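One structure is given below, encoded as structure tokens.
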Amino acid sequence: MKLPRITLSCLGLLLLLGHWHFGEGSESGWDGEQDCQRLMVNDMDTGEASCENFHQHACGNWYANSTQRGFGAHDRRSQWAALHKQRLVQHFDGLSLKAESNHLATFYGSCMSGLQSLRIYTEALERRAYWPLLNTSSAFASANDAAFDWVAANAGLRRFGAQGLWRLLVQPNWQAADQSIFYLLPPGFELLGGNSMSEFLYQRYLKSLLLELGLRVRRASALAERLVKFERDLRDLLPADVEQTLVLREPQSLSQLDQQLPQLQIRRYFDLLLQGLSSGATEKLLVVADLEYLSRLQRLLGRTDSADPLVLSTWLLLQLPAHFELYLHDDEKLNVRQRHCLEQLSQLLPRQLSQLQIRLSLGDDPVAYEALVLRVQRLFVRLQLQFERQLNETDVFEADRSTQTLAIQKLRDMRLVLPQIVPEEKPVSRPLSSSYDENLLQLSQSRAMAEFRQVVDCQDQICGDSPPVEGFGLDPLSVNAYYRLKQNAIELPLGLLTSPLLQRCSNTIDQASRQAGGMGSILGHEMVHAFDYDGINYDATGQLANGQWPPRAIIRFGLRAGCYLGARYSNATLTINENIADTEGLRLAFEAYRHHRAYRGVTDPRGLKTFFVAFAQNWCGNAPSSGGDSSNAGTGQHAAHSERVNNVLGNFPEFLEIFQCKAASQMSPSDKCRIW
Ligand SMILES: *[C@@H]1O[C@H](CO)[C@@H](O)[C@H](O)[C@H]1NC(C)=O
Ligand SMILES: *[C@@H]1O[C@H](CO)[C@@H](O)[C@H](O)[C@H]1NC(C)=O
Ligand SMILES: *[C@@H]1O[C@H](CO)[C@@H](O)[C@H](O)[C@H]1NC(C)=O
Ligand SMILES: *[C@@H]1O[C@H](CO)[C@@H](O)[C@H](O)[C@H]1NC(C)=O
């Protein structure tokens, strides 16, 4: 069978086959109505001609102040994320006065206190396995090393959410998205990194942990060196081009996998991992495994030189504190630490944090959130309808009516997934303490168990028809939007929903045009991903449907899409799907908005200008860059912000007309791309 090859850049997203994008905003608390025109004009540089460089025209006066930069702002989207974080920090800082206490505040306070202890991690592990290094009475003699059970140690780590010799993830089954299964993959080696500098720093870090465990300096140095060597050996098990490719295999049962790799004792690993959860039928659990890595690992562990029990056990032992980045944030500036603590909160207590976030951005009005959801759902439906009109009219499907019907069906079946804000069913089992380490371990353990339960319950048929999407896209701080190919669904996290994009404006024309250009273009962008070069390979249920489109339709599609490979797109072959989604998505938003205006009888031309400014202002600032902060270079699969805006608008004759651009102006390229 044919296996899809996919790019491995961010594993979490990758396995969900997601796309990410977008962003906008600048104002704080937005429960009231705003003068949106004033806000938009504020960011503009009207000295720059709109027909020469519209990005500069719309965003030239935009900036992120030092507080916002401290929270990671470099463009519109990250500015909104910074806004959420700043608001949360202010909230927590103000709490001690009010003496209000809850899990969020307790956890945040313990995190910020900076008082941590390695012992708490090693003691937690001692309850799950025997660790030669921790047996002081053996005086580090290796006589007792044989008692070390690496399988139990490896499983013990994972019960706290840390990874050991492999990375175990719970993700939707790539063949059947409504089922969660296990993925067994190589570790990420985040701290070891890939260069001598990162290896040096990592070795120094491991040495400091060993010193804290009571080892003498010379011994700690020597052992740290061996640990790093061991991890390099593990990393070398990855194929040379790893970095980036992973072939997804068919899921197999645990007992099959266990037979293939007997020395790894994978079955026993799962039995230990799922203790107390499973009804005992682990042999049928489904696993997608990286067999190449695992069989090389099996060989490595069989070699006595590399698998010295003291090295192996100590390496595993230190993976737990390393997973929680113990002491790594000690020297950081206050705001870096605040960001770190908020990120932990959003991972470990996402539901509670979501509720707080809604309260902070929308106030205490119980229906404010529902009103917001309604606004975005209306936008979504209008875009869907608009896309259907275009699919009806396009000649891409000429003589391929059945393909057209399938495409329309896929569009109609597309879902909009919004955060469901429901209170925690079973909040936190034990109250949190003032020890950050204990809180981390406790919450990570409950999270890991909840994750495993998802798989086990489905296996036991308890999950019924509703897919267990717990934790899926639940990061309340994320200011982003995703199209999930495998689910045919657009997902909007809370951070985007509560950004100023859906804010109410005192002028209704401003509000409609701003929402259509801002949020509408984001939704349109995601919607078009269902029909870009990747999207057309998947059907309405998110299944790979190779051959659903006949060659004739693909050729017609390709002839039009070819325009996006033109000279004005840099790195065009890498960014083509994004460029398609940008322009075609704005097209949907624009046409839907025009329909809406006509329906309402609006003729004021200002709204049309506002629409384009709102779109462009989603992209104020610069894309994140790996090098200097000021670099304007595009990263990954997206083009630079200014290029995205200007290239997209150049495809719109309507834009040129509304802003009265001459044919010779910078904003008016001779080739104008349009597929749908
Ligand atoms: C930056 O802007 C935020 C509002 O988003 C404000 O709360 C903060 O005080 C400003 N910081 C500075 C240094 O002006
Ligand atoms: C620790 O080491 C001593 C001496 O080698 C041994 O007798 C003892 O059983 C070990 N402790 C544990 C918990 O295994
Ligand atoms: C698209 O065409 C179909 C079949 O002719 C029709 O039923 C449907 O209403 C059309 N959709 C729109 C949005 O015009
Ligand atoms: C093109 O892509 C490469 C590799 O991803 C990148 O290094 C380069 O900066 C990109 N160029 C532009 C103009 O975006």
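Mapped onto mature numbering (1 follows the signal peptide of the UniProt record, and there is no 0), the consecutive letters of the sequence shown carry residue numbers -25 to -1, 1 to 651. Cβ coordinates follow ideal geometry from the N, Cα and C atoms, glycine included. Source: prediction; values computed, not measured.
Quick check: the Cα distance between P599 and H49, rounded to an integer number of angstroms?
7 Å
Going by DSSP in three states, Q9 sits in which element: helix, strand or coil?
strand
Within its chain, find whatever has a CB closer than 7 Å to the CB of F447; leave out the 5 residues flanking it on each side and keep chain order.
In this predicted model, F447 has a pLDDT of only 47, less than 50, meaning its place in the structure is not dependable enough to derive any value.
Are the region 626 to 643 and the region 63 to 71 touching by the rule of at least three beta carbon pairs closer than 8 Å?
no
Check each candidate in Q518, A547 and D20 and name the one with the smallest Cα separation from H30.
D20
Under three-state DSSP, which class holds G518?
Just to set this straight, residue 518 is Gln in the shown sequence, not Gly. Q518: coil per DSSP, three-state reduction.
Comparing alpha-carbon positions, which option in L391, P214, I156 and L185 lies nearest L260?
I156
When you measure from the CB of S25 to every non-hydrogen atom of ligand 1, does any distance come out below 8 Å?
no
Here's the rule: buried if 16 or more other CB atoms are within 10 angstroms of the residue's CB, otherwise exposed. What is Q313?
buried
Return the residue from the list A564, A515, Q592 and P161 that minimises the CA-CA distance to Y268.
P161
Helix, strand or coil, according to DSSP, for P284 in the structure here?
helix
What did DSSP end up calling Y177 once you bin it into helix, strand or coil?
helix
P475 (DSSP reduced to helix, strand or coil)
helix
Is it the case that the CB of R357 approaches a heavy atom of ligand 3 more closely than 8 Å?
no
I want to know whether the region 531 to 549 touches the region 494 to 504 - three or more CB-CB distances under 8 Å.
no
Can you find the residues in the same chain that come closer than 7 Å, C-beta to C-beta, to L328, ignoring five residues on each side of it along the sequence?
L79, L320, S321 and P451
For S41, is the beta carbon positioned less than 8 Å from some heavy atom of ligand 1?
yes
Under the assumption that E394 contacts L477 (Cβ atoms under 8 Å), give the Cβ distance between them as a whole number of angstroms.
Residue identity differs from the one stated: residue 394 is Pro in this sequence, not Glu. P394 to L477, Cβ: 14 Å. No contact.
For ligand 3, is there a heavy atom less than 8 Å away from the beta-carbon of E566?
no
Could you check where the alpha helix (DSSP H) with V623 kicks off and where it finishes?
H616 to G625
Residue span of the beta strand (DSSP E) that contains D153, given as start and end:
A151 to L160
Are the CB atoms of I95 and E345 nearer to each other than 9 Å?
no
Whose C-beta lies closer than 6 Å to the C-beta of L144 among residues of the same chain, with five residues either side of it excluded?
Y158
Using a Cβ-based criterion (distance less than 8 Å to any ligand heavy atom), does L260 qualify as near ligand 3?
no
Please list, in chain order, all residues of the same chain as R357 whose beta carbon is under 7 Å from its beta carbon, the five residues on each side excluded.
A567 and H571
Using only alpha-carbon positions, find the residue among I650, W290, R194 and H315 that is nearest to R535.
I650
Should L472 be counted as a contact of ligand 1 given a C-beta to heavy atom distance under 8 Å?
no
Ligand 1 heavy atom lying under 8 Å from the CB of L14:
no
Could you check if L540 is buried or exposed, using at least 16 other CB atoms within 10 Å of its CB as the buried criterion?
exposed
Residue range of the alpha helix (DSSP H) that A264 falls in?
Counting along the chain, A264 falls outside any alpha helix (DSSP H), though it belongs to the beta strand (DSSP E) covering L261 to A264.
Can you give me the Cβ contacts of K647 inside the same chain, cut-off strictly under 6 Å, excluding the 5 residues immediately before and after it?
N626
Alpha helix (DSSP H) containing G460: first to last residue?
It should be noted that the sequence gives Leu, not Gly, for residue 460. It is not in any alpha helix (DSSP H) - L460 carries neither H nor E in the DSSP assignment.
Any heavy atom of ligand 3 inside 8 Å of the beta-carbon of E373?
no
For the 8 Å Cβ check, are there 3 or more pairs between the region 478 to 485 and the region 9 to 28?
yes
Backbone secondary structure at Y302 - three-state DSSP
coil
For Y513, which of helix, strand or coil comes out of DSSP?
strand
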